[in-house]
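Since the structure comes first, as structure tokens, the remarks are kept for the end.
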């Protein structure tokens, strides 16, 4: 009964982890979508304010020119330029009074806002107009519109006076002074609007970055917890196998039956690992793409904290995606079989695929990845197995190297392939090298996993044993490390 209860509890834990990971991924997608729209809308409003200011400044200049020259050309230009801030005013009034969106769009078009930005501008106004910073910005916008209306009224008065009477120089100077005061007030309102929108959008982005970090941490924790549970189950299963073998040594028939059942269970565990990894990989790929977009967008802003957080989110997401991709390939090897028929392929192409995968992570530590594999080297080594081995060795080299170089090259001696990954990193201590060489010489890969909590090196050694190859490790402190994979060329 206790075993059944433990099994049910284990299933419940897995379902809870599924729910947490799925909910976190969906929430992250929504948060990042909102972040992108806020960035886009904020940029559009700042650009719109620039057009608004240019329009009223040009209109004021033409009005003053009309005042002194009485040339109707300047009056028409005044009316034309003033249509820009008046158009934005129409959009603001329409949105404030919940009128048809087409009215607001016509107003924004008259204000020379870009067509592709209109939906985002309307969206942020409707959904965030009660947020303090946007509410304050809209109030500044209203003040600016009142000043524009006063400028229009002043222009109409000037036009009527010019049509009916001759203005003296004193009157013209007085009117010019009034127009300049209006322009100064408009400039102040426009500057305040831009500053408020910029500060508010940065504040929202910072909150969204914190949420990104929280949910990514939650996903990483859930994945780690799941694999710990799975590993414990596998270890527990293997212990049960040993115990069962001791109890049933004299009963061959029962022993074979038990071995078949346990073998089936282990296969199911490995298939489960492959299935879970695959289900996580797709949303993580989208998350990595979204994080990259946010990081690239952050370059356009002066907020260093935001840039740093965006870079951290992108780097962490990309590393997690690469980790899951490696586990998926590792699981696939055991599900589909270790010694399947392999076709010939170019080694340089496989290595370049891995270099492309790690380029962004290497750049984050100011490292350079160099592929020196000869383009003519062809091999039939199991491509999936070699891919996982390379993935883990390159990942280890990048983690232990900063401001350095990681080179991948190959040698062929006596029909043996020597595939080398060499870095200029911090290197390993003598104690570490002794331990790694002991692991490399150990024939039982099951013992390796039990002796070392990490999966990287035991996984590499296990896969090299499958290829009937060897791993040679050399290193010096502060000078770097060299991993040599030695196996048959074909």
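Numbering (full-length UniProt numbering), first residue to last: 1 to 490.
Backbone N, C-alpha and C define an ideal beta-carbon position, used for all residues, glycine too.
From a predicted model like this one, the values you see are computed outputs, not experimental measurements.
Task: Spatial distance of residue 404 from residue 430 (CA atoms) - done: On the chain shown, residue 404 is found 404 positions in, with the first residue counted as 1. On the chain shown, residue 430 is found 430 positions in, with the first residue counted as 1. Approximately 22 Å, taken between the alpha carbons.
- [ ] Provide the residue(s) that pair with residue 346 in DSSP beta bridges, ordered along the chain.
- [x] Here the question's residue 346 lines up with position 346 in the chain shown. 378.
- [ ] Figure out for me which residue from 143, 470, 425, 432 has the closest Cα to the Cα of residue 481.
- [x] On the chain shown, residue 481 is found 481 positions in, with the first residue counted as 1. It is 425.
TODO: For residue 1, name the three-state secondary structure that DSSP assigns.
DONE: As a position in the chain shown, residue 1 is number 1, starting the count at 1. Annotation note: pLDDT 48 at residue 1 (below 50); position unreliable, coordinate value reported separately. Residue state, collapsed to three classes: coil.
TODO: Would you mind sorting residue 99 into buried or exposed? The rule is 16 or more other CB atoms within 10 Å of its CB.
DONE: Position 99 of the chain shown, counted from the start, is the residue given in the question as residue 99. Exposed: under 16 other Cβ atoms inside 10 Å.
Open item on the list: Less than 8 Å between the C-beta atoms of residue 117 and residue 42, yes or no?
Closed with: As a working mapping, residue 117 is identified with position 117 in the chain shown. As a working mapping, residue 42 is identified with position 42 in the chain shown. Against a cut-off of 8 Å, the Cβ pair of residue 42 and residue 117 comes out as no contact.
TODO: Whole angstroms is fine: what's the gap from residue 21's alpha carbon to residue 458's?
DONE: For the purposes of this step, residue 21 is taken as the residue at position 21 of the chain shown. For the purposes of this step, residue 458 is taken as the residue at position 458 of the chain shown. Straight-line Cα distance between these residues: approximately 28 Å.
Task: 4-residue-minimum alpha helix (DSSP H) runs that sit fully inside the region 372–440, ordered along the chain - done: 383–399
- [ ] Can you grab the Cα-Cα spacing for the pair residue 418 / residue 432, in whole Å?
- [x] Within the chain shown, the letter at position 418 stands for residue 418. Within the chain shown, the letter at position 432 stands for residue 432. Cα to Cα, residue 418 sits roughly 23 Å from residue 432.
Task: As assigned by DSSP and simplified to three states, the class of residue 56 - done: Counted from its first residue, the chain shown places residue 56 at position 56. In the structure shown, residue 56 sits in a helix (DSSP, three-state: H, G or I).
Task: For residue 471, the residue or residues it bridges with in DSSP - done: The residue you call residue 471 lines up with position 471 of the chain shown. According to DSSP, residue 471 bridges with 485.
TODO: For the alpha helix (DSSP H) holding residue 228, just list the boundary residues, first then last.
DONE: Residue mapping note: residue 228 aligns to position 228 of the chain shown, counting from 1. Residues 169–247.
TODO: Taking 8 Å as the cut-off, decide whether the C-beta atoms of residue 94 and residue 144 are in contact.
DONE: As a position in the chain shown, residue 94 is number 94, starting the count at 1. As a position in the chain shown, residue 144 is number 144, starting the count at 1. Not a contact, by the Cβ cut-off of 8 Å.
- [ ] Alpha carbon to alpha carbon, how far is residue 35 from residue 23? Give it in angstroms, no decimals.
- [x] Position 23 of the chain shown, counted from the start, is the residue given in the question as residue 23. Position 35 of the chain shown, counted from the start, is the residue given in the question as residue 35. If you take the alpha carbons of residue 23 and residue 35, they lie about 18 Å apart.
Open item on the list: Pull the bridge partners of residue 480 from the DSSP assignment, please.
Closed with: The residue given as residue 480 occupies position 480 in the chain shown. DSSP, once it has assigned bridges, lists 476 as partnering residue 480.
Open item on the list: If contacts are defined as beta-carbon pairs under 8 Å, then residue 406 and residue 397 qualify, I think. What distance do you get, rounded to the angstrom?
Closed with: Looking up residue 406 in the chain shown gives position 406. Looking up residue 397 in the chain shown gives position 397. Indeed, because the Cβ distance is near 5 Å, the residues count as touching under 8 Å.
Task: Sub-8 Å separation of residue 186 and residue 56 beta-carbons - done: For the purposes of this step, residue 186 is taken as residue 186 along the chain shown, with counting starting at 1. For the purposes of this step, residue 56 is taken as residue 56 along the chain shown, with counting starting at 1. The answer is yes: Cβ separation under 8 Å.
Task: Three-state class that DSSP yields for residue 99 in the structure shown - done: In the chain shown, residue 99 corresponds to position 99, counting from 1. If DSSP states are grouped into helix, strand and coil, residue 99 belongs with coil.
TODO: Quick one: measure Cβ to Cβ for residue 77 and residue 148, integer angstroms, because I've assumed they're closer than 8 Å.
DONE: In the chain shown, the residue the question calls residue 77 occupies position 77. In the chain shown, the residue the question calls residue 148 occupies position 148. Wrong, their Cβ atoms sit about 16 Å apart, outside the cutoff.
TODO: Name the residue from 142, 150, 486, 31 whose alpha carbon lies nearest to the alpha carbon of residue 204.
DONE: By one-based count along the chain shown, residue 204 stands at place 204. Checked all of 142, 150, 486, 31; the closest Cα to residue 204 is 31.
TODO: Specify, as a first and last residue, the run of the alpha helix (DSSP H) that residue 138 falls within.
DONE: Numbered from its first residue, the chain shown carries residue 138 at position 138. That run of the alpha helix (DSSP H) goes 132–164.
- [ ] Compare the beta carbon distance of residue 49 and residue 194 with 8 Å and say whether it is the shorter of the two.
- [x] Position 49 of the chain shown holds residue 49. Position 194 of the chain shown holds residue 194. The answer is yes: Cβ separation under 8 Å.
- [ ] Give me whichever residues DSSP pairs with residue 369 in a beta bridge.
- [x] Against the chain shown, residue 369 aligns to sequence position 369. Answer by DSSP bridge pairing, in chain order: 406.
Task: Inter-residue spacing [alpha-carbon to alpha-carbon] between residue 297 and residue 70 - done: Working through the chain shown from its first residue, we reach residue 297 at position 297. Working through the chain shown from its first residue, we reach residue 70 at position 70. Their Cα atoms are separated by approximately 49 Å.
TODO: Starting from residue 120, trace the alpha helix (DSSP H) both ways and give me its first and last residue.
DONE: To locate residue 120, count along the chain shown from 1; it is residue 120. It spans 118–128 - the alpha helix (DSSP H) in which residue 120 sits, taken as one unbroken run.
Task: Straight-line gap, residue 79 to residue 101 (C-alpha atoms, nearest Å) - done: Position 79 of the chain shown, counted from the start, is the residue given in the question as residue 79. Position 101 of the chain shown, counted from the start, is the residue given in the question as residue 101. Distance between the alpha carbons of residue 79 and residue 101 is about 25 Å.
Task: For residue 121 and residue 127, the rounded distance between their alpha carbons - done: Position 127 of the chain shown, counted from the first residue, corresponds to residue 127. Position 121 of the chain shown, counted from the first residue, corresponds to residue 121. Roughly 10 Å separates the two Cα atoms.
TODO: Give every residue of the same chain whose Cβ lies closer than 6 Å to the Cβ of residue 474, excluding the five residues on either side of it in the sequence, and list them in chain order.
DONE: Position 474 of the chain shown, counted from the first residue, corresponds to residue 474. If we look at residue 474 and ignore the five residues flanking it on each side, its Cβ neighbours are 482.
Task: Exposed unless 16 or more other CB atoms sit within 10 angstroms - verdict on residue 247 - done: Counted from its first residue, the chain shown places residue 247 at position 247. Exposed, by the Cβ-count rule.
Task: Cα-Cα separation, residue 44 to residue 114 - done: Start at 1 with the first residue of the chain shown, and residue 44 comes out as number 44. Start at 1 with the first residue of the chain shown, and residue 114 comes out as number 114. Cα to Cα, the separation comes out at about 8 Å.
- [ ] Note down the Cα distance separating residue 90 from residue 62, rounded to an integer number of angstroms.
- [x] As a first step, residue 90 must be located in the chain shown, where it is residue number 90. As a first step, residue 62 must be located in the chain shown, where it is residue number 62. Each residue's Cα considered, the two are about 23 Å apart.
Task: Beta-carbon proximity of residue 420 to residue 409, cut-off 8 Å - done: By 1-based counting over the chain shown, the position of residue 420 is 420. By 1-based counting over the chain shown, the position of residue 409 is 409. Contact flag set, yes.
Open item on the list: Just verifying my parser: in three-state terms, what is the DSSP assignment at residue 66?
Closed with: In the chain shown, residue 66 corresponds to position 66, counting from 1. Correct three-state label for residue 66: helix.
Open item on the list: Please state whether the Cβ-Cβ distance between residue 313 and residue 381 is less than 8 Å.
Closed with: The count along the chain shown starts at 1 and reaches residue 313 at position 313. The count along the chain shown starts at 1 and reaches residue 381 at position 381. No. Outside cutoff.
Task: C-alpha distance - residue 345 paired with residue 354, whole-angstrom precision - done: Within the chain shown, residue 345 is the residue found at index 345, counting from 1. Within the chain shown, residue 354 is the residue found at index 354, counting from 1. When rounded, the distance between both Cα atoms is 15 Å.
Task: Span separating the alpha-carbon of residue 377 from that of residue 387 - done: On the chain shown, position 377 is the one that residue 377 refers to. On the chain shown, position 387 is the one that residue 387 refers to. C-alpha separation (whole angstroms): 16 Å.
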